[in-house]
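Protein chains: 2
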Amino acid sequence: MRLIDKEKHCLACNSTCDIFLTAKEMNLEQELNPVHIVYKKHEIICREHASITHSINLVEGNAKMFVSGLHGKNIMLSILMPGNYIGLTAIFGSAKYAYNVSALTPCHTCQVNIGLVKRMYHNNSLFQEKLNKAFGITMANMMSKLVSLNQKQMRAKVAESLLYIAQLFESNRFVLPVTRKELGELSAITGENVVRVLSEFKQEGIIQLEAKEVIILQPEVLKNISLAG
Amino acid sequence: MRLIDKEKHCLACNSTCDIFLTAKEMNLEQELNPVHIVYKKHEIICREHASITHSINLVEGNAKMFVSGLHGKNIMLSILMPGNYIGLTAIFGSAKYAYNVSALTPCHTCQVNIGLVKRMYHNNSLFQEKLNKAFGITMANMMSKLVSLNQKQMRAKVAESLLYIAQLFESNRFVLPVTRKELGELSAITGENVVRVLSEFKQEGIIQLEAKEVIILQPEVLKNISLAG
DNA sequence: TAAAAATGTTGTTTTATAACAATGTTTTTA
DNA sequence: TAAAAACATTGTTATAAAACAACATTTTTA
Chain A
25 MRLIDKEKHC
35 LACNSTCDIF
45 LTAKEMNLEQ
55 ELNPVHIVYK
65 KHEIICREHA
75 SITHSINLVE
85 GNAKMFVSGL
95 HGKNIMLSIL
105 MPGNYIGLTA
115 IFGSAKYAYN
125 VSALTPCHTC
135 QVNIGLVKRM
145 YHNNSLFQEK
155 LNKAFGITMA
165 NMMSKLVSLN
175 QKQMRAKVAE
185 SLLYIAQLFE
195 SNRFVLPVTR
205 KELGELSAIT
215 GENVVRVLSE
225 FKQEGIIQLE
235 AKEVIILQPE
245 VLKNISLAG
Chain B
25 MRLIDKEKHC
35 LACNSTCDIF
45 LTAKEMNLEQ
55 ELNPVHIVYK
65 KHEIICREHA
75 SITHSINLVE
85 GNAKMFVSGL
95 HGKNIMLSIL
105 MPGNYIGLTA
115 IFGSAKYAYN
125 VSALTPCHTC
135 QVNIGLVKRM
145 YHNNSLFQEK
155 LNKAFGITMA
165 NMMSKLVSLN
175 QKQMRAKVAE
185 SLLYIAQLFE
195 SNRFVLPVTR
205 KELGELSAIT
215 GENVVRVLSE
225 FKQEGIIQLE
235 AKEVIILQPE
245 VLKNISLAG
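Respectively, the protein sequence lines represent chains A and B. Reminder that position 63 of the first sequence reads as 87 in the numbering used here, one-by-one numbering, no gaps. Reminder that position 216 of the second sequence reads as 240 in the numbering used here, one-by-one numbering, no gaps.
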């Protein structure tokens, strides 16, 4: 179930998103008509193969972007943070989602008609450049993920995932936004093996670990593990 | 060693590429100054991390696009066919190549200053749409490759690679443009195992195989193998 | 708040595939 | 065209990680 909160408006929103700023600059505020939708934990925000009708801005909360693989096993592509957009691939030729997004925590989203965003993209070169760059970065990340998931082994993959999450939260101390199994989806290994590797890292004094709380004690060591094997 | 053929000009070129057509439409023919460079088999056409200075159109021949992974093992992203472009990622925010391209056969390329192509992109919406779409498709392919290489096993991966090549050559009968080891790079398995799987497929009457010549006798069976495992 | 479901943990077994080795064949190079 | 290098093939061994199992703990749901 989703909650539609019609009270929230852009001017009251503390997240100054590029879409709003660009729309304002282009005098398209009237047409914006943003809809604020709240998703509960575990709820699907968008589904693979579904049509992209809106650009979705994650205003509050965390979500996971994943593709559903074989035998019900997912591969998590990324963890979404407040400020991230969903659905902008529509601008790059695909009318359908190529991935799923589901809420890891309650997620507040702001949704705008994708047609309007497309128009903005085509008529505002700064906005265009921003989206192009973001898309290019996504592509580069995909590329390195392809190598990592294929050629690295468990310890390296988990180390990489931990560093990725630390970088998202801009801190070496964080609360894991995912379960062990999901950390496995992000690292392309089983949940059981995630537990094992995490225990090893703890044993070796590389991380401190208690339930979901992680402190990376030796970031350089973890970095080395993530690079080599 | 590369051969620069200054004699070839766009008007004489039988490959009517989008860049030339768009430049003509925009009266930018004078500025185009295309350079025709020929690469020998095995030569590097572009290298990871190098600056992108030109848009490279593969006019004739085949090339492989790959990222260099760990322990000297590559992952092949795609096989390039005549008409394919290299370096357009520069438009999407990255000034450096994120991949390598090397010649599988002698490769004739036509190279145009990337700055000009960028200008064309920003001032021609049709051209823009084409490049965006191409980039989007590349992204989608990456995504499905991520799943395939991670979750499928040898037989499925090799089946997929064979179908991919058949689709490139638009025929179920083709001469492999790659070695067994390279087919391994494309499938993320070892060369030895490629040989084994190909032998199995031959034994099972799914393909006909002699040296580099492949005939897919039972495309549907191969398709099923590629999907399941 | 009791019951059910999901998550976390550790140990054991199985399995797919890499790694290694040995040899024949083709292609490239000097 | 002879020698060297790269490629293809088959068999064997080693290994990383999945699969399975059993149970403790936490979270969700009725």
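Yeah, the Cβ is synthetic: ideal placement off N, Cα and C, and Gly gets one too.
Q) Quick one: what's B:K247 bridged to in DSSP? A) Looking up residue 247 of chain B in the second sequence gives position 223. None, per the DSSP bridge assignment.
Q) Would the beta-carbon of A:I110 fall within 8 Å of that of A:I61? A) Counting from 1 along the first sequence, the entry for residue 110 of chain A is found at position 86. Counting from 1 along the first sequence, the entry for residue 61 of chain A is found at position 37. For A:I110 and A:I61, no; Cβs fall outside 8 Å.
Q: Would you tell me roughly how many angstroms separate the C-alpha atoms of B:T40 and B:A127, rounded to the nearest one?
A: For the purposes of this step, residue 40 of chain B is taken as residue 16 along the second sequence, with counting starting at 1. For the purposes of this step, residue 127 of chain B is taken as residue 103 along the second sequence, with counting starting at 1. Their backbone Cα atoms lie some 22 Å apart in a straight line.
Q | Beta-carbon proximity check, B:A119 vs B:I76, cutoff 8 Å | A | As a first step, residue 119 of chain B must be located in the second sequence, where it is residue number 95. As a first step, residue 76 of chain B must be located in the second sequence, where it is residue number 52. Contact: yes.
Q) List, in order along the chain, the chain B residues whose C-beta lies closer than 9 Å to that of A:N165? A) On the first sequence, position 141 is the one that residue 165 of chain A refers to. Those within 9 Å of A:N165 in chain B number zero; the least Cβ separation is about 10 Å.
Q: Check whether the Cβ of A:H78 lies closer than 8 Å to any Cβ atom in chain B.
A: Here residue 78 of chain A corresponds to residue number 54 of the first sequence, with the count starting at 1. With 8 Å as the cut-off, A:H78 does not count as an interface residue toward chain B.
Q: Please state if the CB of A:N217 and the CB of A:M178 are separated by a distance shorter than 8 Å.
A: To locate residue 178 of chain A, count along the first sequence from 1; it is residue 154. To locate residue 217 of chain A, count along the first sequence from 1; it is residue 193. Their beta carbons are under 8 Å apart, which means A:M178 touches A:N217 by this criterion.
Q.
Going by C-alpha to C-alpha distance, which of A:P130, A:H95, A:K181 and A:V136 sits closest to A:A114?
A. Numbered from its first residue, the first sequence carries residue 114 of chain A at position 90. Of the listed residues, the one whose Cα sits closest to A:A114 is A:V136.
Q | Nearest-angstrom Cα separation, counted from A:L200 out to A:Q175 | A | On the first sequence, position 151 is the one that residue 175 of chain A refers to. On the first sequence, position 176 is the one that residue 200 of chain A refers to. Using only the alpha carbons, I get a separation of about 25 Å.
Q: Measure the alpha-carbon distance for A:C37 versus A:A183 and round it to whole angstroms.
A: The sequence position of residue 37 of chain A within the first sequence is 13, counting from 1. The sequence position of residue 183 of chain A within the first sequence is 159, counting from 1. Looking at the two C-alpha atoms, the distance is approximately 36 Å.
Q. Considering only the beta carbon of each residue, do B:K88 and B:I103 sit closer than 8 Å?
A. Here the question's residue 88 of chain B lines up with position 64 in the second sequence. Here the question's residue 103 of chain B lines up with position 79 in the second sequence. Contact flag set, yes.
Q. In this structure, does DSSP put A:N148 in helix, strand or coil?
A. On the first sequence, residue 148 of chain A is found 124 positions in, with the first residue counted as 1. A:N148: coil per DSSP, three-state reduction.
Q: Please state whether DSSP places A:R143 in a helix, a strand or coil.
A: By 1-based counting over the first sequence, the position of residue 143 of chain A is 119. Correct three-state label for A:R143: helix.
Q. Who are the near neighbours of B:L155 in its chain, counting only those whose CB is closer than 7 Å to its CB and skipping five residues on each side?
A. For the purposes of this step, residue 155 of chain B is identified with residue 131 of the second sequence, where counting begins at 1. Same-chain partners within the cutoff: L112, I115 and Y145.
Q) Terminal residues of the continuous beta strand (DSSP E) containing A:Q135? A) If you number the first sequence from 1, residue 135 of chain A lands on position 111. Segment C131 to N137, the beta strand (DSSP E) holding A:Q135.
Q | Spatial neighbours of B:I80 in its chain, beta-carbon cut-off 6 Å, leaving aside the 5 residues before and after | A | In the second sequence, residue 80 of chain B corresponds to position 56, counting from 1. Excluding sequence neighbours, B:I80 sits near I110, G111, T133 and Q135.
Q) Along chain B, in chain order, which residues have C-beta atoms closer than 8 Å to that of A:V171? A) Counting from 1 along the first sequence, the entry for residue 171 of chain A is found at position 147. Result: V91, G93, L94 and I99.
Q. Would a check of beta-carbon distances place B:K247 closer than 8 Å to chain A?
A. Within the second sequence, numbered from 1, the residue matching residue 247 of chain B stands at position 223. It does not: the Cβ of B:K247 has no partner Cβ on chain A nearer than 8 Å.
**Q.** Contact list for the stretch 108-127 of chain A against chain B, Cβ threshold 8 Å
**A.** T113, I115, F116, G117, S118, A122 and Y123
Q. Should B:A87 be flagged as near chain A, meaning a C-beta pair shorter than 8 Å?
A. Start at 1 with the first residue of the second sequence, and residue 87 of chain B comes out as number 63. So no, B:A87 is outside the interface.
Q: Drop a sphere of 10 angstroms on the beta-carbon of B:N147, count the other beta-carbons inside from all chains shown, and report buried for 16 or more, exposed for fewer.
A: What you label residue 147 of chain B is simply residue 123 of the second sequence in a count that begins at 1. So B:N147 ends up on the exposed side.
Q: Report the neighbours of B:N156 on chain A: residues whose CB is nearer than 8 Å to its CB, in chain order.
A: Here residue 156 of chain B refers to the residue found at position 132 when the second sequence is read from its first residue. Correct list: I115, F116 and G117.
Q) B:E84 and B:C34 look like a contact to me (Cβ under 8 Å); what is the Cβ gap, rounded to whole Å? A) For the purposes of this step, residue 84 of chain B is taken as the residue at position 60 of the second sequence. For the purposes of this step, residue 34 of chain B is taken as the residue at position 10 of the second sequence. Their Cβ separation, rounded to whole angstroms, is 15 Å, which puts B:E84 and B:C34 out of contact at 8 Å.
Q: Return helix, strand or coil for B:F90, following the three-state DSSP convention.
A: As a first step, residue 90 of chain B is located in the second sequence; it is residue number 66 there, counting from the start. The answer is strand: DSSP assigns B:F90 an E or B state.
Q | Listed by chain order, chain A residues near B:G215 by CB distance under 7 Å | A | Counting from one through the second sequence, the residue named residue 215 of chain B turns up at place 191. Going along chain A, no residue has its Cβ under 7 Å from B:G215, so there is no contact; the nearest lies around 16 Å.
Q.
Going by beta-carbon coordinates alone, are A:R204 and A:I239 separated by less than 8 Å?
A. Residue mapping note: residue 204 of chain A aligns to position 180 of the first sequence, counting from 1. Residue mapping note: residue 239 of chain A aligns to position 215 of the first sequence, counting from 1. For A:R204 and A:I239, no; Cβs fall outside 8 Å.
Q: Go to B:M178, then tell me how far its alpha helix (DSSP H) extends in each direction, as first and last residue.
A: Along the second sequence, read from residue 1 onward, the residue named residue 178 of chain B stands at position 154. Element bounds for B:M178: M178 to L192.
(Q) On a Cα-Cα basis, can you pick out the residue from B:L210, B:A180 and B:V202 that is closest to B:N248? (A) To locate residue 248 of chain B, count along the second sequence from 1; it is residue 224. Per the Cα distances, B:A180.
**Q.** Below-8 Å beta-carbon distance, B:I149 vs any chain A residue
**A.** In the second sequence, the residue the question calls residue 149 of chain B occupies position 125. Residue identity check: residue 149 of chain B is Ser in the sequence provided, not Ile. Yes, its Cβ sits closer than 8 Å to a Cβ of chain A.
Q: Mind checking which residues open and close the beta strand (DSSP E) that includes A:Q232?
A: On the first sequence, residue 232 of chain A is found 208 positions in, with the first residue counted as 1. I231 to E234 is the extent of the beta strand (DSSP E) around A:Q232.
Q. In or out: A:H73 buried (at least 16 other Cβ within 10 Å) or exposed?
A. Walking along the first sequence from the start, residue 73 of chain A turns up at place 49. Its Cβ having fewer than 16 others within 10 Å, A:H73 is exposed.
Q) In the stretch 44-72 of chain A, which residues sit with their C-beta less than 8 Å from some C-beta in chain B, listed in chain order? A) none
Q: Can you tell me which of the three DSSP states A:V83 falls into?
A: In the first sequence, the residue the question calls residue 83 of chain A occupies position 59. DSSP places A:V83 in strand when its eight states are reduced to three.
Q: For B:V17, collect the residues of the same chain with a Cβ closer than 6 Å to its Cβ; drop the 5 residues on either side in sequence, then sort them by chain order.
A: Nothing can be reported for residue 17 of chain B: it is not among the residues displayed for chain B, which extend from 25 to 253.
Q.
Along the chain, where does the alpha helix (DSSP H) containing B:A47 start, and where does it finish?
A. Taking the second sequence and counting its residues from 1, one reaches residue 47 of chain B at position 23. Residues D42 to E49.
Q.
For B:G139, would you say it is in contact with chain A, using Cβ-to-Cβ distances shorter than 8 Å as the test?
A. To locate residue 139 of chain B, count along the second sequence from 1; it is residue 115. It does not: the Cβ of B:G139 has no partner Cβ on chain A nearer than 8 Å.
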